[in-house]
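Each residue of the sequence shown is one higher than the one before, counting from 100 in this note's numbering. Note that beta-carbon positions come from the ideal geometry of N, C-alpha and C, so glycine has one too. Nothing here was measured: the structure is a model prediction, and the numbers come from that model. Structure record follows, encoded as structure tokens.
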Amino acid sequence: MEQIPFNSPHLSGNELEYIVDAHKNGQLAGDGKYTKKCSELLESLTQTSRALITHSCTAALEMSAILLGLEPGDEVIMPSYTFVSTANAFVLRGAVPVFVDVDISTFNINPEAVKDAITDKTKAIIAVHYAGLSCDMDRLMSIASDFNLPVIEDAAQALMSTYKSRNLGSLGQLASVSFHETKNIISGEGGALLINDNSFLDRAEIIREKGTDRSRFFRGEVDKYTWVDIGSSYLPGELIAAFLYAQLQSVTNITNKRLRNWNTYNDALSDLEEKGLLRRQSIPDYCSHNAHMFFIVLDSKEQRAQLIDFLKMNSIYSVFHYVPLHSSPAGIKYGRVSGSLDNTQIAAERLLRLPMGYSIDVNRVVSSIYSFYRSNGYV
Ligand SMILES: Cc1ncc(COP(=O)(O)O)c(C=O)c1O
């Protein structure tokens, strides 16, 4: 039986041609023709004032942490239900991640839990748009502005999603996106820092270029470049950027294909939801999404394990995540918890991600899920 992988990295058309062209241009290091093209296209797609292409979303989060000027002991509020990089980037600066709960319907950070977690050490709030669905941004931004705190969007999964018709990534002072091979738009590893608060612009360029003012030198603004600040090597090489540019050019096509598969899952599994057997992802009225993920929420951890095994026997690979950060070894060592994390626990134990991509056989996954419930006497 043909396997249905959880994710399969796709080519969208011109990737290989652009890589050959990048080589012909004679510049394989970063910030060449394709990096610039990616930045411009991303700025227009996300409606942000500046998009700096990085080698990962992790890199963009680390740059954000440096830009915020965090000091040891400063606190950054974030969901426990997220990928490690959301927290690790800030821990690298000595800051303490303060883990709060998520909302039960979207599994996005709960703004009221954020409000309760604010102390005089709080320096930022991280809005992770889980599964490409927007956090409740009006409420989060209003809490942030009451306490004069910046909001950093971790939009790793959220390129092309919107909140009240505004692009995710354009709402917080800073945002980061990922082009890891599991995302909608890919370059193997890859990411970008999106800058909406222009006061961060000059320093962000320096941090990305190993702490030097090399970008200003290339623009002819200084006659030599030198070490001016802390930083690291956060930019990707041109081959990665060439691949990424082809993907970004196809973003509408890729998103639409994923949306078709997402809608097939959503329609086909509604029956099982009506019978109370599972819960489908629910999309708040205020957002449109990019079909990054289709997840279901099962009745119990045990039932999820049984379904994963059943699908695997049919060569279909589904996955779950995350181990909540507050209960991970590094989370316990470096972070602290605020409030109850009951919904985080539910997500960690019962959420299942179905295979997603633009060329997978969604109908076969659906019929296997129905077989699972039939063989267990539910339908
Ligand atoms: C919410 C979130 N933040 C950050 C990252 C890190 O992205 P990258 O692998 O591009 O560093 C991921 C990756 O899966 C993610 O899902």
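heavy atom of ligand 1 below 7 Å from G290 C-beta: Because some heavy atom of ligand 1 lies under 7 Å away, the Cβ of G290 counts as near it: yes.
A257 and G271 closer than 8 Å at C-beta: For A257 and G271, no; Cβs fall outside 8 Å.
Runs of beta strand (DSSP E) lying entirely within the stretch 199-284, each at least 3 residues, in chain order: Listed in chain order, they are 221-227, 250-253, 273-277.
Residues near K132 by beta carbon distance below 8 Å, same chain, minus five either side: Cβ contact annotation for K132 (same chain, cutoff 8 Å, sequence separation greater than five): A121, N124, Q126, E337, in chain order.
Buried or exposed by the 16-neighbour rule on C-beta atoms within 10 Å, applied to S439: Answer is exposed; the Cβ neighbour count stays below 16.
Proximity below 8 Å, CB of M455 to CB of N106: Result yes, Cβ atoms of M455 and N106 sit closer than 8 Å.
Opening and closing residue of the alpha helix (DSSP H) in which T354 lies: DSSP places T354 in the uninterrupted alpha helix (DSSP H) bounded by 350-367.
Where I431 falls, given that 16 or more other Cβ within 10 Å makes a residue buried: It is exposed - the Cβ of I431 has fewer than 16 other Cβ atoms within 10 Å.
Backbone secondary structure at F182 - three-state DSSP: F182: coil per DSSP, three-state reduction.
Cβ-heavy atom distance, C156 to ligand 1, below 7 Å: With a cut-off of 7 Å, the C-beta of C156 is classified as near ligand 1, since at least one heavy atom of the ligand falls inside that distance.
N-terminal and C-terminal residue of the beta strand (DSSP E) that L440 is part of: Here L440 belongs to no beta strand (DSSP E), and DSSP marks it neither H nor E.
Cβ shell of N462 (< 8 Å), same chain only, five flanking positions each side left out: Same-chain partners within the cutoff: T363, A367.
Rounded Cβ spacing between S437 and V197 (contact assumed at less than 8 Å): About 5 Å; that satisfies the 8 Å criterion.
Cβ pair count under 8 Å reaching 3, the stretch 141-157 against the stretch 287-300: The answer is yes - the stretch 287-300 touches the stretch 141-157, with three or more Cβ pairs under 8 Å.
From L110, V227, M100, residue whose alpha carbon lies closest to that of S349: For S349, the closest of L110, V227, M100 by C-alpha to C-alpha distance is L110.
Sequence-distant residues of the same chain with beta carbon closer than 6 Å to E142, five excluded per side: In its chain, beyond the 5 residues on either side, A150 have a beta carbon closer than 6 Å to the beta carbon of E142.
T261 classed as buried or exposed, judged by whether at least 16 other C-beta atoms fall within 10 angstroms: Looking at its Cβ environment, which holds 16 or more other Cβ atoms inside 10 Å, T261 is buried.
Beta-bridge partners of V195, as assigned by DSSP: BP columns for V195 point to E174.
Runs of alpha helix (DSSP H) wholly within the stretch 108-145 (minimum 4 residues, chain order): As far as the stretch 108-145 is concerned, its whole alpha helix (DSSP H) runs of at least 4 residues are 114-123, 132-145.
Rounded C-alpha distance that separates I459 from L169: Pairing I459 with L169, the inter-Cα distance amounts to about 43 Å.
Beta-carbon gap between P335 and I152 smaller than 8 Å: Yes. Within cutoff.
Host beta strand (DSSP E) of T153 (start-end): Per DSSP, T153 belongs to the beta strand (DSSP E) from 149-153.
Contact test: V119 Cβ vs ligand 1 heavy atom, cutoff 7 Å: No.
Nearest candidate by alpha-carbon position, reference C386, set G193, A230, I203: Nearest of G193, A230, I203 to C386, Cα basis: A230.
Buried or exposed (CB count within 10 angstroms, at least 16 for buried), D237: By the 10 Å Cβ count, D237 comes out exposed.
Beta-carbon spacing of E114, Q346 below 8 Å: Yes, they are a contact pair.
Contact under 8 Å by Cβ, I176 with V213: Yes, they are a contact pair.
Contact test: D253 Cβ vs ligand 1 heavy atom, cutoff 7 Å: Checking every heavy atom of ligand 1 against the Cβ of D253, one is found closer than 7 Å.
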